[in-house]
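S.K.: So in this note's numbering, spot 320 of the sequence shown is number 320, and the numbers just go up one at a time.
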Amino acid sequence: METSSGSKLLTRYFILVWLAFLCLNMCQNLLNNTISLYINVIGMSTSFSGFLGIPYAIAAIFMRFFGGYCTDRFNRRMVMSLGCLIYGITAWFFGFFATAAALILFRMIHGAAFSAGQLAISTANVDVTPPEKANLGIGIFWVATAISLGGAGYLVVSLTNGSNYSLVFLASALFGIAGGVCCLLCNYEKKPEFQARLQAHATSLPCRGAHRFFEPGAMRPAVLMFLMAIGMSSLSFFLLLFAANEGYSNAGFALVVAAIFMGIGNLCSNRLLHRLGSRLTLLLAFALCAIGYAAMGLYHTEFTYFLGGAVYGFVQGICMPVLYFLAVDGMPVHRRGIAGGTVYFLLDIGMGLGSYLWGLLISGYGFTVTFLCAAATQVLACVLTFAFYPGGRRTSNV
């Protein structure tokens, strides 16, 4: 799919959606990088830190289906605005209630808000991107995750005052509010051309039963997203804790390294997908990820720590836009939210299950076993990629 210069990509709505996605991811990454440290400071165990991923995932999983249905059936702007605002406000409250019950409740709210907001914003990104530039637009869109990863890591280090994380939680709240404002300004759904496309598809392809909440055509990329998320959660939630245990200096810089390589991966994903096809692109990414995780587990050095951060960022930067694109490629307007929700549904399960399992493994066996097990999940992803895409699927326009 070659891009065309006839349609403008960087429109007002594309930029607003991109900024909203950046703000929502800043909320998420600020908390993800802080939770394990904060839990230890208030006297709770690392395994409880991992357990918090379970209520988060349960709420997120429910909201992927319900939010996807609302995104397609009602109003994208409403769903993504509420997701950003609710996440930001409850992120600020997170630091005021240091009880197990309150933390579990807030993580459930975070899971529901983030999943609904991310899904609606991602769907809006596809809507406002010209079809002939769909894959390039999705790649640029996911650069926001790279910037948020590096920015959040820097802010956590800069705003933490000893064992006081209140400024981190406040920053997360401000980003959520800013993201909500960007979403409210994004009123492209009122445009006649969008309404015409929506009505044309909605009247020709009615959906009943479970298909209103689930897209079978997106299952292959969704399963691969699940395996990627399980491995990814070992670093998303425990990277800074690993560095603290090893006594590494400038530990937060690994997140900057990850962000830089994630951005490179985002920008390379479009070209790799066209030149290599989906199968070879994903195989190389998953194999590289397995090697990086294994190196971190076997060799506890600052070099492998930063190398692991680079691999984590680069692979996520490639896989997230490619897998999302494979899920929505060819989907009609009124099924994009459902298709995206199917992929994100298994992403949430992977993140929640992974955070819980890695928390238990770290408490019982340490980081070596944890990172080696994370590497094994990426090897399995390689095997399934062979099975799912035997011909190295090429892309079509969205």
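Just so you know, even glycine gets a beta-carbon here, dropped at the ideal spot from N, CA and C. Bear in mind the structure is a predicted one, so any value in this text is a computation, not a measurement.
#1: Please state whether DSSP places Asn187 in a helix, a strand or coil.
#2: Is the region 79 to 96 in contact with the region 153 to 162, if contact means three or more CB pairs nearer than 8 Å?
#3: Three-state secondary structure (DSSP) at Asn164?
#4: Could I get the ranges of all uninterrupted alpha helix (DSSP H) runs contained in the region 296 to 357, with 4 residues as the minimum, in chain order?
#5: Relative to the alpha-carbon of Ser49, which residue among Arg107, Ala387, Ala244 has its alpha-carbon at the smallest distance?
#6: Please return the same chain residues whose Cβ sits closer than 6 Å to the Cβ of Cys417, not counting the five positions on each side in sequence.
#7: Quick one: using the 10 Å Cβ neighbour count with 16 as the cut-off for buried, is Leu10 buried or exposed?
#8: For a test of the three-state rule: what should DSSP assign to Gly366, helix, strand or coil?
#9: In whole angstroms, what is the alpha-carbon distance linking Leu399 and Tyr305?
#10: Return the Cβ separation of Tyr69 and Ile338 in integer angstroms, given the expectation that the two are a contact with Cβ distance under 8 Å.
#11: With a threshold of 6 Å on Cβ separation, who are the neighbours of Tyr38 within its own chain once the five nearest residues in sequence on each side are excluded?
#12: Would you kindly check if the distance between the Cβ of Ala381 and the Cβ of Leu272 is under 7 Å?
#13: Please return the same chain residues whose Cβ sits closer than 7 Å to the Cβ of Phe169, not counting the five positions on each side in sequence.
#14: Please confirm if the region 345 to 355 is in contact with the region 256 to 272, defined as three or more CB-CB distances below 8 Å between the two stretches.
#15: Which same chain residues, not among the five before or five after Gly209, have their C-beta less than 8 Å away from its C-beta?
#16: With H, G and I counted as helix, E and B as strand and the rest as coil, what does DSSP make of Pro131?
#17: Tell whether a beta-carbon distance below 7 Å holds between Leu239 and Ser47.
#18: Going by DSSP in three states, Phe175 sits in which element: helix, strand or coil?
#19: Below 8 Å on the Cβ atoms is my contact criterion, and I expect Thr385 with Val322 to pass it. Report the Cβ-Cβ distance as a whole number of Å.
#20: Which runs of the alpha helix (DSSP H) fall wholly inside the region 7 to 86 and span at least 4 residues, in chain order?
#21: Are the CB atoms of Asn29 and Leu438 within a distance shorter than 7 Å?
#22: Determine the direct distance from the alpha carbon of Ala290 to that of Val379, and round the result to whole angstroms.
M.R.: In brief:
#1: coil
#2: no
#3: strand
#4: 302 to 328
#5: Arg107
#6: Nothing can be reported for residue 417, as the shown portion of the chain is limited to 1 through 398.
#7: exposed
#8: coil
#9: Because the chain is modelled from 1 through 398, residue 399 falls outside the range shown and cannot be assessed.
#10: 7 Å
#11: Tyr165
#12: no
#13: Ala91, Trp92, Phe94, Gly95
#14: no
#15: In this prediction, Gly209 scores a pLDDT of 49, lower than 50, which makes its location untrustworthy; no coordinate-derived value is stated.
#16: helix
#17: no
#18: helix
#19: The Cβ separation is near 11 Å, so there is no contact.
#20: 12 to 41, 46 to 51, 53 to 73
#21: Any property of residue 438 remains undetermined from this structure, which presents the chain solely from 1 to 398.
#22: 6 Å
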